[in-house]
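Numbering (numbering that gives the first Met the number 0), first residue to last: 0 to 348. What follows is one structure encoded as structure tokens, with my remarks underneath.
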Amino acid sequence: MLKNIKSKDKKIPKTPPIKGKEVNNKQNKAKPAKASKDKGKGLLPKNKRVLVLMGAALLIVIMGSVQAIIMLTSQKKGESDEKAEVAPTYYFSKEEDISSVTEIVGARDFKKLEASEASSEAETKETVDQTTESSSGTASQTSGLEASYKYLHVEDTSADIKSYMDYLEEKKNFINITDKSEQPESGQPSSEETPKTSSEFYQLAGPSKDSASYLSITLESEVDSYTVTTSKESQPWSTYFKDQWNQQKKIIADFEKLPKATNTIEQAEDAVRTLSQEKLGLAEASDSYEFIASPGISKIGGKNYYTVRTYKRQPDSTLIYIATYLFDYETSNVAFQYDEVTGKTTPLG
């Protein structure tokens with residue numbers, strides 16, 4: 000019995016806890032759970048993100064450069080467009096129908112002169128005008144419509160000037176009012192007689208659509224360029240034309256080179272005027288036309304002639320060129336009609 004009692008009182012030993020597991024549990028409690036390695040797989044790695052940022056920055060720089068280039072190019076283009084000058088098609092106005100130099104001789108480098116640049120040309124023209132006024136006794140005033148055009152880098156300035164003068168005289172009824180004593184005998188510039196280094200100056204006048212005015216054009220050359228100055232003068236063309244003719248008659252009277260003879264310009268005009276309408280081939284009676292002989296003698300086909308131009312007066316008092324006739328200086332006969340453009344002569348009926 001006692002043994003049994005003792006065995007009952009005997010304490011059963013407790014199982015001691017495993018220290019290793021407790022330590023592990025503590026460590027597990029102390030350390031937070033690690034982030035999953037799969038988390039963030041959608042994001043770019045650090046080095047790739049740097050490359051993307053650098054690429055974006057480079058793209059911005061390129062776009063900015065392109066915009067800057069476009070702006071500079073457009074600005075330069077705008078400046079060049081402003082500086083580029085287009086040569087005129089007509090002088091004065093389209094209504095006057097006077098073609099510019101480039102319409103006759105072809106394209107040329109061009110510059111329109113401002114008032115200050117054209118001052119020297121204007122002074123030269125004023126000197127010529129004063130000489131004309133003093134000799135004719137009639138003064139003309141510029142109406143203010145004056146402009147100067149310079150044509151640059153011209154290989155043969157004399158050829159250009161001659162072609163344009165031919166156009167004005169033959170097509171537009173202009174007359175050469177340059178001082179003949181300073182020009183070749185023919186009144187035209189010659190590339191053979193005039194060195195390219197010397198300057199040439201010519202002044203021409205012609206009818207205007209405005210009956211109260213006439214047109215003036217001066218041509219002045221330099222080494223490889225020439226200047227065209229246009230002005231509209233406040234004097235009726237018919238009055239100015241007659242004044243010029245009186246002046247030319249005085250000059251012709253002093254020409255020592257001309258053959259001595261009894262016939263004169265007046266006789267040449269009268270000889271043509273007295274011919275019948277049928278003989279001259281005119282559409283109306285002869286007395287409805289005006290006959291004006293050109294100063295000087297023209298040598299055509301080896302013979303000396305006065306050239307007598309025929310004009311028809313319009314209601315606005317302007318004169319329209321009709322035809323040219325040849326008055327034989329030796330025989331005082333009017334035998335031919337003369338085409339000043341082609342040089343062809345046609346016997347009168």
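Where is the CB? At the ideal position from N, CA and C, for every residue including glycine. Values in this document were obtained by computation on a predicted structure and should not be read as measured data.
Beta-bridge pairing by DSSP links Y337 to T323, T344.
Of the residues assessed, V333 falls on the buried side of the cut-off, its CB having 16 or more other CB atoms within 10 angstroms. The alpha-carbon separation between Y150 and G105 amounts to approximately 11 Å. Judged by pairs of C-beta atoms under 8 Å, the region 224-238 touches the region 205-216, as three or more such pairs exist. The beta carbon of E95 sits closer than 8 Å to those of Y89, S207, K208, L214, all from its chain and outside the five residues before and after it, given in chain order.
DSSP, reduced to helix, strand and coil, places K241 within a helical segment of the structure shown.
Below 8 Å, too few C-beta pairs join the region 335-344 and the region 283-294 to call them touching: fewer than three. For I176, no alpha helix (DSSP H) segment is defined, and its DSSP state is neither H nor E. In the DSSP assignment, A106 forms no beta bridge with any residue.
Beta-bridge pairing by DSSP links Q202 to T217. Taking the Cα of F335 as reference, the smallest distance to any Cα among Y225, Y328, Y324 is reached at Y324.
For K298, the three-state secondary structure derived from DSSP is strand. In the structure shown, A211 adopts coil according to DSSP, grouped into three states. A direct Cα-Cα distance of roughly 7 Å separates S162 from I103. Closest by C-alpha distance to K248, out of G280, I291, L279, is I291. By DSSP's assignment, V227 forms a beta bridge with Y148, L218.
Annotation for A270: no beta strand (DSSP E) segment contains it, though the alpha helix (DSSP H) segment containing it runs 264-272.
In terms of CA proximity to V153, S224 leads the group A146, G63, S224.
For Q313, the number of other beta carbons within 10 angstroms of its own is below 16, and it is reported as exposed.
Just so you know, the alpha carbons of M70 and G63 end up roughly 11 Å apart. By the neighbour-count criterion, in which 16 or more other beta carbons inside 10 Å mark a residue as buried, M53 falls on the exposed side. The beta carbon of L167 lies closer than 6 Å to those of F173, L203 in the same chain, with the five residues before and after it left out. Straight through space, the alpha carbons of L218 and F200 are spaced by roughly 6 Å. Going by beta carbons, S316 and S237 fall inside the 7 Å limit. Boundaries of the beta strand (DSSP E) harbouring A292: 288-292, taken from the DSSP string.
Of the residues assessed, T177 falls on the buried side of the cut-off, its CB having 16 or more other CB atoms within 10 angstroms. The beta carbon of E169 sits closer than 6 Å to those of E339, V340, all from its chain and outside the five residues before and after it, given in chain order.
Spatial neighbours of A270 in its own chain (CB-CB distance under 6 Å, excluding positions within 5 residues in sequence) are listed in chain order as F326, V333.
About 13 Å separates the beta carbon of A146 from that of F109, a gap too long to meet the 8 Å contact definition. Proximity to N175 across Q246, I319, T263, T72 peaks at Q246, based on C-alpha coordinates. DSSP places V65 within a helical segment (H, G or I) once states are collapsed to three. Sequence-distant Cβ neighbours of E84 in its own chain, meaning closer than 7 Å and more than five residues away, are F109, K110, K111. In this structure, the beta-carbon distance from Y320 to Y328 does not fall below 7 Å.
Taking C-beta separations shorter than 7 Å and ignoring five residues to either side along the sequence, the partners of R272 in its chain run S285, F290, following chain order. In this structure, DSSP gives S98 an extended state, which the three-state scheme calls strand.
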